[in-house]
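Here the sequence shown is numbered in numbering that gives the first Met the number 0, starting from 0 and rising by one per residue. Glycine is no exception: its CB is placed at the ideal position from the N, C-alpha and C atoms.
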Amino acid sequence: MESGRKGSFVHIGRVLITQEEIDSRVRELADQISADYADRNPVLISLLKGGFIFLADLVRHITVPHEVDFIAVHSYQDGFARSERIEILNDLKRSVSGRDVIIIDGIVDTGHTLSFLEQMLEDRRVASLRVCALLDKPSCREITVPVDYIGFKVPDVFVVGYGLDFKERYRNLSYIAELIPATALEEAAEPATASRNKERTASAKQNP
Ligand code: IMP
Ligand code: MG
Numbered sequence: 000m001e002s003g004r005k006g007s008f009v010h011i012g013r014v015l016i017t018q019e020e021i022d023s024r025v026r027e028l029a030d031q032i033s034a035d036y037a038d039r040n041p042v043l044i045s046l047l048k049g050g051f052i053f054l055a056d057l058v059r060h061i062t063v064p065h066e067v068d069f070i071a072v073h074s075y076q077d078g079f080a081r082s083e084r085i086e087i088l089n090d091l092k093r094s095v096s097g098r099d100v101i102i103i104d105g106i107v108d109t110g111h112t113l114s115f116l117e118q119m120l121e122d123r124r125v126a127s128l129r130v131c132a133l134l135d136k137p138s139c140r141e142i143t144v145p146v147d148y149i150g151f152k153v154p155d156v157f158v159v160g161y162g163l164d165f166k167e168r169y170r171n172l173s174y175i176a177e178l179i180p181a182t183a184l185e186e187a188a189e190p191a192t193a194s195r196n197k198e199r200t201a202s203a204k205q206n207p
């Protein structure tokens with residue numbers, strides 16, 4: 000259990016996807032993209048912050064010429080809460096008009112973020128648009144968005160690691176793990192002592 004703000008105690012739960020599984024799947028996705036985009040010089044747009052590690056690993060296995068760019072969006076999400084309000088915090092540095100674009104996303108959950116971005120990129124008159132997401136939570140979709148390249152499907156649990164955070168933490172884990180909210184009972188029982196102990200466990204897992 001970790002002491003964050005009041006009401007934000009969490010555990011790192013079971014590992015859902017290991018580092019080795021991620022590595023081998025990222026290579027497969029890079030091979031597919033390289034085959035599909037030969038001679039097309041696509042722009043790979045990383046969706047910050049969750050997509051930054053995925054992009055960095057993916058491009059090192061892509062064998063065709065391409066460019067990268069970054070876009071930061073804020074989805075008014077705080078911890079586990081979901082929201083439909085999306086705002087661009089940091090826009091692309093180059094025009095994508097007439098370009099073949101691939102959005103590189105860490106996780107697709109409700110689909111609202113992707114849907115917003117797709118609309119924005121269509122308005123900027125891209126030549127083509129595809130989406131590559133490391134993780135897909137199809138059971139949580141509230142809006143239909145096509146995802147062309149999917150690393151892994153995950154169940155409706157909150158996950159962290161490999162770029163994905165809970166309140167800005169755990170992005171550095173080299174695997175994907177489930178994050179478990181503490182029960183009200185745990186939070187009530189001696190929060191100071193309990194959180195000190197669990198903080199040690201969580202920090203040991205982050206820095207094995
Ligand atoms: P959306 O609901 O598809 O719009 O996803 C919004 C954003 O919420 C994603 O890009 C992630 O940053 C974040 N998100 C959704 N589910 C998870 C999760 O299980 N762990 C960490 N971040 C998540
Ligand atoms: Mg987040």
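* When DSSP labels each residue in this structure, what does valine 218 get in the three-state scheme? -> The structure shown has nothing for residue 218, since the chain only spans 0 to 207.
* Asked: Going by the C-beta, is isoleucine 106 closer than 7 Å to any heavy atom of ligand 1?
  -> Residue 106 sits at position 107 when you count from the first residue of the sequence shown. Yes, the beta carbon of isoleucine 106 sits closer than 7 Å to at least one heavy atom of ligand 1.
* Mind checking whether the beta-carbon of phenylalanine 69 lies closer than 7 Å to any heavy atom of ligand 1? -> Counting from 1 along the sequence shown, the entry for residue 69 is found at position 70. Flag unset: Cβ of phenylalanine 69 not near ligand 1.
* Which value, in whole angstroms, describes the spacing of the CA atoms of leucine 113 and leucine 54? -> Working through the sequence shown from its first residue, we reach residue 113 at position 114. Working through the sequence shown from its first residue, we reach residue 54 at position 55. Each residue's alpha carbon lies about 16 Å from the other.
* **Cβ-heavy atom distance, valine 95 to ligand 1, below 7 Å** => Translated into positions along the sequence shown, residue 95 becomes position 96. Valine 95 Cβ: outside cutoff for every heavy atom of ligand 1.
* Give me the Cβ distance between leucine 57 and valine 25, rounded to the nearest whole Å; I'm assuming they're in contact under 8 Å. => Translated into the one-based positions of the sequence shown, residue 57 becomes position 58. Translated into the one-based positions of the sequence shown, residue 25 becomes position 26. Contact flag correct, Cβ pair sits at about 6 Å.
* Going by DSSP, name the residue or residues bridged to serine 231. => No statement about residue 231 is possible, as the shown extent of the chain runs from 0 to 207 and does not include it.
* To do: Can you give me the start and stop residues for the alpha helix (DSSP H) that aspartate 135 sits inside?
  => Translated into positions along the sequence shown, residue 135 becomes position 136. Aspartate 135 -> not in any alpha helix (DSSP H); beta strand (DSSP E) instead, spanning 127-135.
* Note down the Cα distance separating lysine 204 from alanine 181, rounded to an integer number of angstroms. => On the sequence shown, residue 204 is found 205 positions in, with the first residue counted as 1. On the sequence shown, residue 181 is found 182 positions in, with the first residue counted as 1. Per-residue confidence for lysine 204 stands at a pLDDT of 47, beneath the threshold of 50, marking its modelled position as unreliable; no derived number is given.
* Asked: For leucine 88, is the classification buried or exposed, using 16 other Cβ atoms within 10 angstroms of its Cβ as the cut-off for buried?
  -> What you label residue 88 is simply residue 89 of the sequence shown in a count that begins at 1. Counting Cβ neighbours within 10 Å, leucine 88 comes out exposed, since fewer than 16 surround it.
* **Member of Asp38, Arg39 and Ala132 whose CA lies at the smallest distance from the CA of aspartate 147** => For the purposes of this step, residue 147 is taken as the residue at position 148 of the sequence shown. Its Cα nearest to that of aspartate 147, the residue Ala132 stands out among Asp38, Arg39 and Ala132.
* To do: Closer than 6 Å by C-beta to isoleucine 101: which residues in its own chain qualify, once you throw out the five before and the five after it? Chain order, please.
  => Here residue 101 corresponds to residue number 102 of the sequence shown, with the count starting at 1. Taken in chain order, the residues that qualify are Pro41, Leu43, Arg129 and Cys131.
* Which of helix, strand or coil DSSP assigns to glutamate 177 -> In the sequence shown, counting from the first residue as 1, residue 177 sits at position 178. Assigned with DSSP and collapsed to three states, glutamate 177 falls in strand.
* Asked: Between the beta-carbon of isoleucine 21 and the beta-carbon of tyrosine 169, is there less than 8 Å?
  -> Locating residue 21 in the sequence shown gives position 22, counting from the first residue. Locating residue 169 in the sequence shown gives position 170, counting from the first residue. In this structure, tyrosine 169 does not lie closer than 8 Å to isoleucine 21 by Cβ.
* Kindly indicate which three-state DSSP category phenylalanine 165 falls into: helix, strand or coil? => Here residue 165 is taken as the residue at index 166 of the sequence shown, counted from 1. The answer is strand: DSSP assigns phenylalanine 165 an E or B state.
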